[in-house]
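Asker:
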Amino acid sequence: MLSMLLVACGNKEAEQRSAFIAYLQTRVLDKPGLRVPTPTAEEKASFGDYAQHYAVITDFNEGMNKSVSQPMTQVMNKGALRSFVDLPARRDDLKAAKEGLGGLRTALDQQLAKADAARAQLKQPDDLKQVYAKAYEKTVTTPATTFKEVFPPVDAVIDSALAIADFMEKNKSKLRVSGGTLTVTDPAVGDELNKMAQQMGKQSAAINTAQDKMRAVMRGS
Numbered sequence: 105m106l107s108m109l110l111v112a113c114g115n116k117e118a119e120q121r122s123a124f125i126a127y128l129q130t131r132v133l134d135k136p137g138l139r140v141p142t143p144t145a146e147e148k149a150s151f152g153d154y155a156q157h158y159a160v161i162t163d164f165n166e167g168m169n170k171s172v173s174q175p176m177t178q179v180m181n182k183g184a185l186r187s188f189v190d191l192p193a194r195r196d197d198l199k200a201a202k203e204g205l206g207g208l209r210t211a212l213d214q215q216l217a218k219a220d221a222a223r224a225q226l227k228q229p230d231d232l233k234q235v236y237a238k239a240y241e242k243t244v245t246t247p248a249t250t251f252k253e254v255f256p257p258v259d260a261v262i263d264s265a266l267a268i269a270d271f272m273e274k275n276k277s278k279l280r281v282s283g284g285t286l287t288v289t290d291p292a293v294g295d296e297l298n299k300m301a302q303q304m305g306k307q308s309a310a311i312n313t314a315q316d317k318m319r320a321v322m323r324g325s
């Protein structure tokens, strides 16, 4: 009887593992882009204890969305650059955006560390381990790593904007503002301002590159 019970338990685990592997392959790996579907109650039941392995992936994506992706929109809006004219008056907004960006980087690091630690505790047979590693790479490691690439150029642009704001404040006697037009009365100040603006333009291009890469990850292209 004990032998029959052990065989039954072994067959059940094999069926659950097979169902979970099939789900990862067909619903996650075979689909283009970043997809983390929610299993139905029936599918989740078919995974048995392996449902907790999938929860590591879903928990990370939910956590990243709530603590990083959504707040990132607010930070970007706070630090959005509209014109040179209003930079001195928006220094507080820019500083707040910079602080917010630092918080997002910390949040992403924490979410990734939590997921990595949970994954390290999982016990998986070799056939599942291989498929799970690919799914984890696609849904956790790659998006987290790519998202991190957005932070440095955004940080650099905010720093440049703050530097320009400080420079304009320091040389405000040599600047004339009429509506949305900025006129510089000192050629030397104008040259320096142009150099700073060109540098910020290059940094802004780096943001676009990082965002394009992130969109490619999301689309799977």
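Throughout the sequence shown, residue numbering follows this note's numbering, covering 105 to 325 in sequence.
Here a beta-carbon is modelled for each residue, glycine too, at the ideal position from N, C-alpha and C.
Bear in mind that the values here come from a model prediction, so they are computed numbers and not experimental data.
Residues in the same chain with beta-carbon distance under 7 Å from K182, minus the five sequence neighbours each way, listed in chain order, please.
Answerer: Looking up residue 182 in the sequence shown gives position 78. Result list for K182: D197, A200, A201, G204, in chain order.
Asker: Using the rule of at least 16 other Cβ atoms within 10 Å of the residue's Cβ for burial, across every protein chain shown, is T243 buried or exposed?
Answerer: Residue 243 sits at position 139 when you count from the first residue of the sequence shown. T243 comes out buried.
Asker: Could you check if V264 is buried or exposed, using at least 16 other CB atoms within 10 Å of its CB as the buried criterion?
Answerer: Stepping through the sequence shown from its first residue, residue 264 is reached at position 160. As written in the sequence, residue 264 is Ser, which differs from the Val given in the question. By the neighbour-count rule (16 or more Cβ atoms within 10 Å), S264 is buried.
Asker: Along the chain, which unbroken stretches of the alpha helix (DSSP H) at least 4 residues long are found entirely within the stretch 132 to 200?
Answerer: Listed in chain order, they are 145 to 151, 155 to 168, 174 to 182.
Asker: Decide if A149 is buried, meaning its Cβ has at least 16 other Cβ atoms within 10 Å, or exposed.
Answerer: As a working mapping, residue 149 is identified with position 45 in the sequence shown. Exposed: under 16 other Cβ atoms inside 10 Å.
Asker: Are there 16 or more other CB atoms within 10 angstroms of the CB of N165, so buried, or fewer, so exposed?
Answerer: For the purposes of this step, residue 165 is taken as residue 61 along the sequence shown, with counting starting at 1. Buried: at least 16 other Cβ atoms inside 10 Å.
Asker: Following the continuous alpha helix (DSSP H) through I282, name the residue where it begins and the one where it ends.
Answerer: Taking the first residue of the sequence shown as position 1, residue 282 is located at position 178. First, the amino acid is wrong: residue 282 is Ser here, not Ile. No alpha helix (DSSP H) contains S282, which is instead part of the beta strand (DSSP E) from 279 to 282.
Asker: Looking at L133: is its Cβ nearer than 9 Å to the Cβ of K238?
Answerer: If you number the sequence shown from 1, residue 133 lands on position 29. If you number the sequence shown from 1, residue 238 lands on position 134. In contact: L133 and K238 (Cβ atoms closer than 9 Å).
Asker: Indicate whether the contact test is met: 3 or more Cβ pairs, each with one atom in the stretch 141 to 160 and one in the stretch 213 to 231, closer than 8 Å.
Answerer: Enough Cβ pairs lie closer than 8 Å, so yes.
Asker: Do A267 and M300 come within 9 Å of each other at the CB atom, strictly closer than that value?
Answerer: Within the sequence shown, numbered from 1, the residue matching residue 300 stands at position 196. Within the sequence shown, numbered from 1, the residue matching residue 267 stands at position 163. For M300 and A267, yes; Cβs fall inside 9 Å.
Asker: What is the DSSP secondary structure of M105, counted as helix, strand or coil?
Answerer: The count along the sequence shown starts at 1 and reaches residue 105 at position 1. Note that M105 has pLDDT 48, beneath the 50 cutoff, so the model's placement of it is unreliable and the number below is only indicative. M105: coil per DSSP, three-state reduction.
Asker: S171 and L216 - do their beta-carbons sit closer together than 9 Å?
Answerer: If you number the sequence shown from 1, residue 216 lands on position 112. If you number the sequence shown from 1, residue 171 lands on position 67. Going by C-beta atoms, L216 is not nearer than 9 Å to S171.
Asker: In angstroms with no decimal places, state the Cα-to-Cα distance between T246 and R319.
Answerer: The count along the sequence shown starts at 1 and reaches residue 246 at position 142. The count along the sequence shown starts at 1 and reaches residue 319 at position 215. About 12 Å.
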